[in-house]
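Mapping the sequence shown onto the working numbering, position 110 (from 1) lands on 110, and the numbers just tick up by one. Note that beta-carbon positions come from the ideal geometry of N, C-alpha and C, so glycine has one too. Since the model is a prediction, treat every value here as computed from it, not as a measurement.
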Amino acid sequence: MRYSDIKNRIKEISDLDLQRKLWLNKNNDTGLISSYTELMNSLFDDLMFDDFVDNTIIRENWNLAFVEKMNQLRSYLNDYQEKQNDEEIIKDPEWIKISQFAKEILDILNIQTKLETR
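What follows is the structure in structure tokens.
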């Protein structure tokens, strides 16, 4: 359960259009709402992202390159200087870089999921 929830949070980080829908309620056809703060609280507090990065993915023998990418994502998220509101965050060049980096991780997770379902 935690794996799929973390993957969904990484998807939200990686998708600026989804953020506009969930955080700003622009053309929101999802029936869901969220915010930057809610996303970070969910990822780090509810889903124990630190434990996932430090222990779970190592215990499950993910390759070292993936572990390093997850550590880097965590660093980017921890170092990010939150803006005044969600709209400013979505437009922030630093957040856009984090979003693009999260897309790389999401691609790896999607490949892994396809391999596991074979």
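Beta-carbon proximity list for residue i, same chain, < 7 Å, skipping 5 on both sides
i: residue 24; result: 86 and 87
i: residue 36; result: 23, 82, 86 and 89
Residue i beta carbon near the ligand SAH (any heavy atom closer than 7 Å)
i: residue 109; result: This structure simply doesn't include the ligand SAH, nor any ligand for that matter.
Straight-line gap, residue i to residue j (C-alpha atoms, nearest Å)
i: residue 16; j: residue 72; result: 20 Å
i: residue 53; j: residue 34; result: 23 Å
i: residue 70; j: residue 106; result: 10 Å
i: residue 11; j: residue 84; result: 23 Å
Same chain, Cβ closer than 6 Å to residue i, neighbours up to 5 away in sequence not counted
i: residue 95; result: 89
i: residue 2; result: 47
Exposure of residue i, with buried meaning 16 or more beta-carbon neighbours within 10 Å
i: residue 9; result: buried
i: residue 65; result: exposed
Continuous alpha helix (DSSP H) stretch holding residue i: start and end
i: residue 19; result: 16-24
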